[in-house]
Structures are given as C-alpha cells and as structure tokens.
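For reference, the structure discussed in these notes is given below.
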Amino acid sequence: MSRGVIRWIGGPVLKARSPDPFRVHEAVTVGPRRLLGEVVRLEGDELTVQVFEETTGLRPGDAVEGSGTPLAARLGPHLLGGVFDGLLRSLEDNQADFLQTGGWPRRPRRYPFIPLVQEGQPLSGGQSFGEATTDPHAVRPHLCLAPPGVSGEVESIAEAGEYDDAEPLCRLRDRQGRIHDLAMSHFWPVRTPRPAAERLPIGPPMITGQRILDCLFPIARGGKTAVPGGFGTGKTVLLETVAKWCNADVIIYVGCGERGNEMSGVLDEFPHLEDPRTGRRLMERTVVIANTSNMPVAAREASIYTGVTVAEYFRDQGLHVALMADSTSRWAEALREVSGRLGELPGEGGYPAYLSTRLAEFYERAALVRTLGGGEGSVTLIGAVSPPSSDFSEPVTIHTKRYVRNFWALDKKRAQARFFPAIDPLLSYSEDAADLAPWWHRQGNTRWAEQRKRFLTLLEEQSKIERMARILGQDALPPKQRLTLLAASLVNEAFLRQSAFAPKDRYATPERQNRMMTLLERFFSLSEGALRAGVEVEAMAALPALRRLMRMGEEIGEEELPLFDALERELEEAFHALAPMGTLEEPT
Ligand SMILES: Nc1ncnc2c1ncn2[C@@H]1O[C@H](COP(=O)(O)OP(=O)(O)OP(=O)(O)O)[C@@H](O)[C@H]1O
Ligand SMILES: [Mg+2]
3 MSRGVIRWIG GPVLKARSPD PFRVHEAVTV GPRRLLGEVV RLEGDELTVQ
53 VFEETTGLRP GDAVEGSGTP LAARLGPHLL GGVFDGLLRS LEDNQADFLQ
103 TGGWPRRPRR YPFIPLVQEG QPLSGGQSFG EATTDPHAVR PHLCLAPPGV
153 SGEVESIAEA GEYDDAEPLC RLRDRQGRIH DLAMSHFWPV RTPRPAAERL
203 PIGPPMITGQ RILDCLFPIA RGGKTAVPGG FGTGKTVLLE TVAKWCNADV
253 IIYVGCGERG NEMSGVLDEF PHLEDPRTGR RLMERTVVIA NTSNMPVAAR
303 EASIYTGVTV AEYFRDQGLH VALMADSTSR WAEALREVSG RLGELPGEGG
353 YPAYLSTRLA EFYERAALVR TLGGGEGSVT LIGAVSPPSS DFSEPVTIHT
403 KRYVRNFWAL DKKRAQARFF PAIDPLLSYS EDAADLAPWW HRQGNTRWAE
453 QRKRFLTLLE EQSKIERMAR ILGQDALPPK QRLTLLAASL VNEAFLRQSA
503 FAPKDRYATP ERQNRMMTLL ERFFSLSEGA LRAGVEVEAM AALPALRRLM
553 RMGEEIGEEE LPLFDALERE LEEAFHALAP MGTLEEPT
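Numbering of the sequence shown is given in the numbering used here, commencing with residue 3 and proceeding in unit increments.
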C-alpha cells in the first residue's frame, strides 16, 4: 500500500508527501486513529486529502495510507430502516460500513438466505444469486446482487440458511479463470454511477398525492426536481409529505442540515412516521442519511453521492426509489468550504467553478432504467434548495435549474398567508408533464392535459388582471375579468391548497384529483354560460354551492367520491336558478 507523510493540516484538508503512487479519489486512512479521507489532488509527490472526520489531534509527520480503491460504500440488506451518516456509518450503533480498510468495526449482521442459482450456471453483474430476508413484513425479499462488472460461471453456491452479510456465499470463476467471492453485500465507489442495461424514456408519473404536483407540475418516475424556497417556506414539510405518500418502493432521505436542531427534527420525526400504505413504520422502507452538525463538512459533501449510490442499488433490485435531499444548498456550502481550504480560486458567490459539474453529476443519476438483472427500476431525485433571502438568481439555484426538468418554486408570500403547499404556480414548471398525459388518459381522464393548461392559463391571467386592478381599481374591471378572478380563486382555494395535516385531504388519489379537476371545469363552463346570460359575477360568487366547492378537498374524502356527483348537481341547479333555462349551455 502507498504511504505518505503529512506536512500541513488546515481543518478538513491536509497535504502530504509520498514517493508512492496515489490516485485521485482514492480512499485513504490518516493518522493513528485511521481517519477516513479521500485524495482530491495530486501534484508531483504532493497529495491533497480531504478528511471526513474531525482532524483535531492530527500532526505533521503522521501517516497517510492508500487503500488502492476509490471511496466506496457497502451496499446490502442492512440498509433499509437504518440511519447513517454521510459515509454510510450507522448513527444508531456507531458501526462503520464504508471502507474495508482501516480499523473500522463492523457489526456482524445475519440474515436468512435462499440461493437462486445453481452450480455451473452463468451469472453476470447486476443479476441476483439469492434472496435475503431482512424483515418478515418486507414487500419483497432483498436480492443479493453480483456487483456490476463481475461475471462468470457459478462454481459454488451456499445452501439456504442464515449467514453474515459479509460472508462469501457464491463463488464465480470468470473467463480468465479468476475467482470472485460474492456476499450478500458488496462495495461500490460512490462517485461512479452504477451501470444499467438501458435508460428508458419517460414512463409513468411518480404520484405524490399532492394535487398541485400531480396535476400541474408532475414528475415522472426517474425524473428530477428542484424545490427552491426561502427560509420557512415549507421545503422540509413538502419533502416529507412526498416521501410519505409517493408511490416509490424505497425512500432515501438525505438530510444535509447546517443547524443541528433542524437535522435532529428529521431524525426524531422520520422513524415515527406511519407508512400510509402498510400502516407500519415508513422507516422500514426508508434509508436516512444524516449529516449532524458535529460532522465535518467533507462528509456532507460526500453524502449526496452516497445517497444516490444507495438509491441506484435498490433501483438495481427492480425497485422504484425516490431520493430527497434537504438541502442541496447546505451541501454546496460544504463544497465551498472545502474548496476554500484547498486554496482554489472562488467563482460566483464564493462557490468553486466546479459547482455546476458536481450538481450535474448528482442529477444525471436520476433515471428510469432496464436493470442489468432485466427488471425495471428508477431513481427519482428531489433536491431542496435554500437560496439566501429567496433570491432565485443565486448560483446554486441557477446551476441546479440547468440539470433538473422540473422546478417546484416555493413562494414566501403564499407561505406567509399559510397557503400550503406554497408552490408558486407561475414560477414553477414541469418538463415531464407533456409526456404524462397518456398515463392520465389510461386512468380515465382524457381531458387532463387540457384541464391542466386551463388551470395554468387562469392563474397566469389572474396575476395580470390583479396587476391591472391595482392601478384601475377592482370596480373598473369588466365582468369577464372579474369572472376570471373568481375562477382562479377557486383553482387556488378548492384545488391547489392542500394541507399536509388535513385528515381527508393530505393525500389525493389520481381518481379524486380527476374528479376535482373535472368538477372545476364544469364550474368554468356553467359560469361562462351564466355570464353570457347576463348574470352578475357577484351573484355567482355568493352561491352557497360555490362555498361547498371551495371546501371540497377537506370535505369529500376518498371513500365518498359519489359526493362529487351530488355537488355537481347542486352546482348545476344553483346556476339554473340564476339564469333562464337553456341559456347556460355553450352556443352552437
Ligand atoms: N404542506 C403544508 N401544510 C401545512 N403546513 C405547512 C405545509 N408546509 C409547511 N407548513 C408550515 O410551515 C412551517 C415551515 O415549514 P418547513 O419547516 O418545511 O420550511 P422550510 O422551508 O424547510 O424551512 P427552513 O428554511 O427553515 O428549512 C411548518 O412548520 C408548517 O407549520
Ligand atoms: Mg427545512
């Protein structure tokens, strides 16, 4: 192994000299406590290392030892249900799982194993050779995968039984005659995307149960979204709500908290959340990666790659995975701090010039794929951004925008008015939406794309008219514009507003979302008819049926869908009472 000697230490960064060869991104251990680090730069015989642990106590003259491999994480059946740090070390039992080198203790974990291959059979990377049962209630057993890049013929395979997750269970002989011993878990370098057989085009949406997302700014499975929002605008609640309700099989929650109390909130809450689908704990299909405030910045920098590597690992098992990173701004601050220590030339906002590339490397790993094992899996990425003073033109937001397809911008004004989710419908967008209409057709709503466009147009018009009204006064607006304002306020209040804490409304199935959209569309056409018939907008606004429409989200639950029909009849009768018979329908 290569060895070097420390010359200089500056916080999380150190410089060392070595006559031996090291490689960039090689994992190293440092000093007598064998702290974990990574080579970030090589110049002649000088190497620069970022250290993922507190460097207090290290001295010039201490040793740096190479591991010969890049920074890698152990992936295996122990992950689900666990809380880890940015280096995938368990925060519950302080055990290390990141690197085979060094004196890291590893808690032995045993799982029942069932072989899925036989001797003499070919096996290649990404295919499974067995199943491990981690939790008797799990939706599916854990697949024990051959690591990508390894292939050969099965020379021996363990019998069914209980084994340690690091114990060799399957022996492969490759074409060159080399032997590979495979265990339930394997290491993978976190900065290298795990390969897939094929990237698939956009398929179905990832349903979140949040109307403003699913109907106006939907995200596809394998999609990527940024959630920028100033202080207290609801980023964390939104990410947790999506984690809780979305139809992903596995949730990876990466908390990059700057303030310790923020992170401990997640750590306190997450393990207790109930999984609405199973009634059990959501944690059972979740992996939490947390950077507590006492963790050095370099580990925070690594954490989002660790997170996405874990996500890809479950994707490779043929599962749909959603990763939430809260917040990528704190991650970028870690990048900035390490870069400063390295003496690099700062770019915009003090961030290093490679901020953009690093963001790209993260978001590019979102995908719907055909896995090496032949299944279909996906990684959907949702990254919160916390721009200082809600300024969306700052570098992290700007560069993130280049790599995501969807943008859920949180609005301070909405949040202050306690309008949640406080997503600004005018600044937000979804590039996935265009490809998702066929899915909604198959759910029975052939008008989804038109309805969506109608809602967005109304909200757009509302903002223009409101601007005009501020100059001219409300009374000066012609009836048609006053009706637009009424319709837009219905879209906002009856449809987009959805409290994460309202028992009947915190989740909406696609079917209920369709019913609500269609009912609002019915209101639009009735009210336009009434306007043509000369009915005053104020008379329409005063209809009791309209107030019921406003509250339909909180009042009509999933088991009460026929009440939407009743409400539609009530609305029709109310309008017919206002306008003479036969005048409400579209003139032909
Ligand atoms: N969807 C929602 N439904 C109801 N209330 C909400 C919702 N979203 C946010 N809130 C309210 O707003 C508060 C702040 O939300 P949250 O902590 O998610 O903001 P944040 O953007 O993550 O803040 P920070 O910048 O501090 O991280 C919550 O405590 C809650 O009261
Ligand atoms: Mg937050």
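All residues carry an ideal CB built from backbone N, CA and C; glycine is no exception.
Item, Value
"Which partner residues of M326 appear in the DSSP bridge assignment?", "Y255 and I384"
"Please return the same chain residues whose Cβ sits closer than 6 Å to the Cβ of M609, not counting the five positions on each side in sequence.", "This structure cannot speak to residue 609, because the chain is shown only from 3 to 590."
"Does M186 pass the burial test, meaning 16 or more other C-beta atoms within 10 Å, or should it be called exposed?", "buried"
"Spell out the partners DSSP gives T359 in its beta bridges.", "Beta-bridge pairing links T359 to no other residue."
"Enumerate, from N- to C-terminal direction, the unbroken beta strand (DSSP E) stretches of 3 or more residues contained entirely within the segment 30-67.", "37-45 and 48-53"
"Within 10 angstroms of the Cβ of F100, are there 16 or more other Cβ atoms? Answer buried if so, exposed if not.", "At F100, the pLDDT of 42 sits below 50, so the modelled position is not reliable; the number obtained from the coordinates is stated separately. The residue is buried, with at least 16 neighbouring Cβ atoms inside 10 Å."
"Check whether the Cβ atoms of E572 and R553 lie closer than 8 Å to each other.", "no"
"Taking the beta strand (DSSP E) that W190 falls in, what are its first and last residues?", "H188 to P191"
"Which parts of the segment 464-508 are runs of the alpha helix (DSSP H), unbroken and 4 residues or longer, counting only runs that do not cross its ends?", "481-492"
"Could you tell me the alpha carbon to alpha carbon distance between T31 and D426, rounded to whole angstroms?", "47 Å"
"How many whole angstroms separate the CB atoms of L374 and A198, which I take to be in contact at a CB cut-off of 8 Å?", "6 Å"
"Taking the continuous alpha helix (DSSP H) assigned at R550, which residues delimit it?", "P546 to M552"
"In the structure shown, what three-state DSSP assignment does L586 receive?", "coil"
"Which of the three DSSP states, helix, strand or coil, is assigned to E572?", "helix"
"Measuring only the C-alpha atoms, how far is P1 from G6?", "There is no way to answer for residue 1, as the model of the chain reaches only from 3 to 590."
"With distance defined between alpha-carbon atoms, name the residue in G84, E303 and E575 nearest to A532.", "E575"
"For P170, is the beta carbon positioned less than 7 Å from some heavy atom of ligand 1?", "no"
"What does the alpha-carbon distance come out to for the pair W441 and E28?", "45 Å"
"Would you say the segment 356-371 touches the segment 304-319, given that touching needs at least three Cβ pairs under 8 Å?", "yes"
"So, are the CB atoms of S388 and K237 less than 8 Å apart?", "yes"
"Taking 7 Å as the cut-off, is the CB of L82 close to at least one heavy atom of ligand 1?", "no"
"Residue range of the beta strand (DSSP E) that H443 falls in?", "Unbroken run through H443 is the alpha helix (DSSP H), A435 to R444; no beta strand (DSSP E)."
"How should P397 be labelled, buried or exposed, when 16 other C-beta atoms within 10 angstroms of its C-beta is the threshold for buried?", "buried"
"Since G154 contacts H188 with CB under 8 Å, what's their CB separation in whole angstroms?", "Not confirmed; about 15 Å, so no contact."
"As a quick exercise: from G163, E157, E164 and Y165, pick the residue whose alpha carbon is nearest that of R173.", "E157"
"How long is the line joining the alpha carbons of H401 and A134, rounded to whole angstroms?", "41 Å"
"Are the CB atoms of L89 and L38 within a distance shorter than 8 Å?", "yes"
"Buried or exposed for W10, going by 16 or more other Cβ atoms inside 10 Å?", "exposed"
"On the three-state DSSP scale, how would you describe A532?", "helix"
"What residues are listed by DSSP as bridge partners for M208?", "I221"
"Is there contact here, the segment 519-531 with the segment 483-498, by at least three beta-carbon pairs under 8 Å?", "yes"
"Quick one: Cα of T227 to Cα of L16, how far?", "36 Å"
"Please confirm if the segment 109-119 is in contact with the segment 286-294, defined as three or more CB-CB distances below 8 Å between the two stretches.", "no"
"Please find out if some non-hydrogen atom of ligand 2 comes closer than 7 Å to the beta-carbon of D328.", "yes"
"Using the rule of at least 16 other Cβ atoms within 10 Å of the residue's Cβ for burial, across every protein chain shown, is I159 buried or exposed?", "buried"
"Is the beta carbon of C146 closer than 8 Å to that of S130?", "yes"
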